[in-house]
Structures are given as C-alpha cells and as structure tokens.
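Number of protein chains: 2
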Amino acid sequence: MSRWEPNARGRLAAAALELYSERGYEQTAVAEIAKHAGLTERTFFNHYADKREVLFATADEFRDRFVGAVSDALKSVAPIDALAAGLEAIAEMLTEQRDFVRSRQAVIMLNPELQERDLIKLASTSAALAETLRQHGIAEPEASLAAESGIALFKVSFHRWIATKEEHELSLFMREALDALKSVTAGKGARSVT
Amino acid sequence: MSRWEPNARGRLAAAALELYSERGYEQTAVAEIAKHAGLTERTFFNHYADKREVLFATADEFRDRFVGAVSDALKSVAPIDALAAGLEAIAEMLTEQRDFVRSRQAVIMLNPELQERDLIKLASTSAALAETLRQHGIAEPEASLAAESGIALFKVSFHRWIATKEEHELSLFMREALDALKSVTAGKGARSVT
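So the sequences go chain by chain: A and B.
In terms of our numbering, the first sequence is residues 1 to 194.
In terms of our numbering, the second sequence is residues 1001 to 1194.
In structure tokens:
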C-alpha cells in the first residue's frame, strides 16, 4: 500500500498546520491529519515520527543554513559581521516560507511543550555556532558569547516580525536588532531619571 | 501527623540531590528522598509539588534577584551596567549555594527534560528583565536585546564556572564574559585566514 504520493510531505505539513490552527494542536490526531491531506496514516509515519515533528521538520535546515552562512563569512569578516550574514540567510529562508512560519509560530505560542522544543532547537543552533566560531580561531568566551548573541538577534527580530501586521522585511528587523545590540553593549540607553 | 520538622525543606533538597547524584534522577522516588531525609512523603509534598520541583525551587529567587538588582541599578546607570549589577547579585547568590548549585547542574545536564525546564526558567527571566527595562524607559528592540544579552552573559559565565576545577570566582567569569561581548559586538575577533 505504500505507493508514491506526489509531495506527500508538504501536503501532510499543510494539513497538519491547518488542523492545529483551527482545532488546536492537542485536539488533532495523526489519523485526521492524514485524512485531511488525502493520505494514509502509514504515509504520515513514513515522513514524520509524530505530530510534533511536523512543526520542527525544518529545524535542521534552520541550523545548517545559519551555521553554514556564518562559517563561510568567517573566512573574510569579523564574528559580528559573520553573524549578520547568517541572519540574512535565515531571513531569506523564513521569508520564502512566510505563511507556514507564521501559522506554525501561532500554534507553538499556545503550547508550553512546543515552546520548550523550540528553545531546545535554538540552544542546539547556538552550540553549533559556537563550535564553528572556535574552528575559525575565535577563543572562549568570545565564541560562545558571539553564538548566543546571534541567537538573541534572531529571537528578538523574529518575534517582532511575527508580531507586526504590516509587510515588513525580516532582514530589516534583523539589522535594526543588530544596531540595538551594538548600542546597548556600547553603554548607550535612555535613563528614566530626569 | 504533620508535626513541625526543623529545616525540612533544606533537608529534603539535600537528600534529593544526594540520591539524584548517586543513583540518577529517574531512578529516585519521592518515598526514597523522604526516607533519606528522615521525613515522611507527606512532609515532602508539603514542601515540593514533585521531585522535579526540588531542583527548581530557587528559580523564582534567581529571577527576582536578577531583575531586582537590574531595576535598582537602572535608576542611575545605562542598561549594560545595570545588567552587570544584576549579574553581580546572581554571582553572590550562587556562590553562597555553590555546592548545591554544582551538584544540581550535574544532575540537570544528564536529563533532557530537566534541561528544557532550565531553558524555560531562563526565558522567563529574560522576559522579566525586558519588562523592567521597558518600565525604565528603554525602547524596543533595545530592551529585549539587553535582556537577552544579560541571559547570554549569565549562561556563558555560569557554564565556565561550573566546568572549571579550580577555585574561580563566578563574578570574575561574568566580567570576562561582559568584556568578550563588548569586544565581539564592537567588531573585534581573530580571523582564521592569515
């Protein structure tokens, strides 16, 4: 019965996200996702380990594109500029998947277990970034701090992008975040006492 | 049967950590912890919701001390210096509890579920820091970036402190991390290409 289905993986992901958004993640069963996609449960499990996995199927691509772009850039520029290059690559990836990414994030924000999984994904990307920085001769604690800064820049700009109703470019939020980080660490910042 | 037991809370925490370290977290039951502390299971549940809670009993204190110190400092200094003050307060707290903190971290590092809980704790502290910064007139995205930087500084210096065999002060690692962050964001960093 395991005949080939054109783009089964993508159809299952779209069906899952639609049901998670409409009925809630907890209230959706794998059988319903498969049916909604016009496929069998068996086909679902050929592509995803469980219903949580559908939401994190792009986690490896996220890490690899971020780390790959940073690694390439480190050959010629300083760590902070390499992080900027990594963020550009991520902005490109997420902008291509914009509708999926936004619906996905809305589902994740409603479920603490999914938020934990999301944090783990970012922590693993941070560890991979730090490793790449060290391989390019950056010492500790600079390597880990640069990696954590890269993740912080992603988190803050991504959440601003998700929250905005208007058509803003993710890469613009990322550049704004980078400027803000530089400004904060350089000791700038308004004071409330006047 | 609920007679008062002197320092039951502390005795239960010490007993739990001893058993988690010796036998493993998963292999330790609440009944064994209570017995090891010379107390009843009922007393355990008067103090902790479950066996995981013993390890995160100081999470609220961590957040409140960090945020409290940052908030106080923001009255007179820039955000980055306020974060440094917050880190000093945390260094003081963790140094007082040094042996507990180190054993606790060793248990957490062996269990993915506990690591997720630890990440959630830090994310909640980051959100509280950002809120405090906004209340003191810091705009977005500066407030969130400063908050995330504070958490990054904590994470990196804490893990270096935990990993070192020697008697190093946590506050020294924190100052070193702050210098590294300033250096990275100012565009410094060795390049591998010579």
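Ideal placement from N, C-alpha and C gives every residue a C-beta, glycine not left out.
No experiment lies behind these values; they were computed from the predicted model shown.
(message) Please list, in chain order, the residues of the region 1056 to 1072 of chain B that have any C-beta partner in chain A closer than 9 Å.
(response) Residues are counted here when their Cβ sits less than 9 Å from a Cβ of chain A; for the region 1056 to 1072 of chain B the count is zero.
(request) Kindly confirm or deny that the region 1027 to 1036 of chain B and the region 1044 to 1063 of chain B touch, where touching means at least three C-beta pairs closer than 8 Å. (result) Yes, the region 1027 to 1036 of chain B is in contact with the region 1044 to 1063 of chain B.
(message) I'd like to know if residue 171/A contacts chain B, where contact means its C-beta is closer than 7 Å to some C-beta of that chain.
(response) Taking CB atoms only, residue 171/A has no neighbour in chain B less than 7 Å away.
(message) Looking at residue 209/A: is its Cβ nearer than 7 Å to the Cβ of residue 171/A?
(response) Residue 209/A falls outside the range modelled here, since chain A spans only 1 to 194, and no answer is possible.
(request) Taking only the alpha-carbon atoms, compute the straight-line gap between residue 204/A and residue 36/A and give it to the nearest angstrom. (result) Residue 204/A is absent from the structure shown; chain A starts at 1 and stops at 194.
(message) Taking the straight line between their C-alpha atoms, what separation do you get for residue 40/A and residue 89/A?
(response) Each residue's alpha carbon lies about 35 Å from the other.
(request) Taking only beta-carbon positions, decide if residue 78/A is within less than 7 Å of chain B. (result) Residue 78/A counts as touching chain B.
(message) Rounded to the nearest angstrom, what separates residue 196/A and residue 1085/B at their Cα positions?
(response) Chain A is shown only over 1 to 194; residue 196/A falls outside these bounds and no answer can be derived.
(message) Less than 6 Å between C-beta atoms, sequence neighbours within five positions excluded: which residues of the same chain meet that for residue 1055/B?
(response) Take residue 1055/B, set aside five residues on each side of it, and the residues of its chain with a beta-carbon closer than 6 Å to its own are 1104, in chain order.
(request) Consider the Cβ of residue 1092/B: report whether some Cβ of chain A lies at a distance smaller than 7 Å. (result) Not an interface residue.
(request) Return no unless some Cβ of chain A is closer than 7 Å to the Cβ of residue 1119/B. (result) Taking Cβ atoms only, chain A reaches closer than 7 Å to residue 1119/B, which makes this a yes.
(message) For residue 43/A, tell me which candidate among 8/A, 15/A, 21/A and 60/A has the shortest Cα-Cα distance.
(response) The shortest C-alpha separation from residue 43/A is found at 8/A.
(message) Between 11/A, 125/A, 107/A and 97/A, which has its C-alpha nearest residue 69/A's C-alpha?
(response) Considering only 11/A, 125/A, 107/A and 97/A, the residue with the shortest C-alpha distance to residue 69/A is 125/A.
(message) Can you confirm whether residue 1108/B, when its beta carbon is compared against all beta carbons of chain A, has any partner nearer than 7 Å?
(response) So no, residue 1108/B is outside the interface.
(message) For a contact defined as C-beta to C-beta under 9 Å, what are the partners of residue 1148/B on chain A?
(response) Listed along the chain, the chain A residues whose CB falls inside 9 Å of the CB of residue 1148/B are 148, 149, 151, 152, 153, 155, 156 and 181.
(message) If you measure between the beta carbons of residue 150/A and residue 129/A, is that distance less than 7 Å?
(response) In this structure, residue 129/A lies closer than 7 Å to residue 150/A by Cβ.
(request) Run down chain B in chain order and give the residues with a C-beta less than 7 Å from the C-beta of residue 144/A. (result) Think of a sphere of 7 Å around the beta carbon of residue 144/A: the chain B residues whose beta carbon falls inside it are 1156, in chain order.
(request) Could you name the residues of the same chain whose beta carbon sits closer than 7 Å to that of residue 1020/B, not counting the 5 residues immediately before and after it, in chain order? (result) Once the five neighbours on either side are set aside, the close Cβ partners of residue 1020/B are 1028 and 1107.
(request) Would you kindly report the start and end of the unbroken alpha helix (DSSP H) that includes residue 1151/B? (result) 1142 to 1163 is the span of the alpha helix (DSSP H), which, as asked, contains residue 1151/B.
(request) Within the same chain, show all residues whose beta-carbon is closer than 6 Å to that of residue 136/A, passing over the 5 residues directly before and after it, in chain order. (result) 74, listed in sequence order.
(message) Rounding to the nearest angstrom, what Cα-Cα distance links residue 1115/B and residue 1109/B in this structure?
(response) Counting only the Cα atoms, residue 1109/B lies some 6 Å from residue 1115/B.
(request) Please report how far the alpha carbon of residue 1063/B lies from the alpha carbon of residue 71/A, in whole angstroms. (result) Each residue's Cα considered, the two are about 35 Å apart.
(message) Give me, in chain order, the residues of the same chain whose beta-carbon lies closer than 8 Å to that of residue 45/A; leave out the 5 immediate sequence neighbours on both sides.
(response) Correct list, in chain order: 30.
(message) On the CB-based measure, 16 or more other CB atoms within 10 Å of its CB, does residue 1155/B come out buried or exposed?
(response) Burial of residue 1155/B is indicated by the presence of at least 16 other C-beta atoms within 10 angstroms of its C-beta.
(message) Does the distance between the C-beta of residue 99/A and the nearest non-hydrogen atom of the ligand FAD fall short of 6 Å?
(response) As presented, the structure is devoid of all ligands, the ligand FAD included, so that no description of it is given.
(message) Helix, strand or coil, according to DSSP, for residue 118/A in the structure here?
(response) Of the three classes helix, strand and coil, the one that applies to residue 118/A here is helix, per DSSP.
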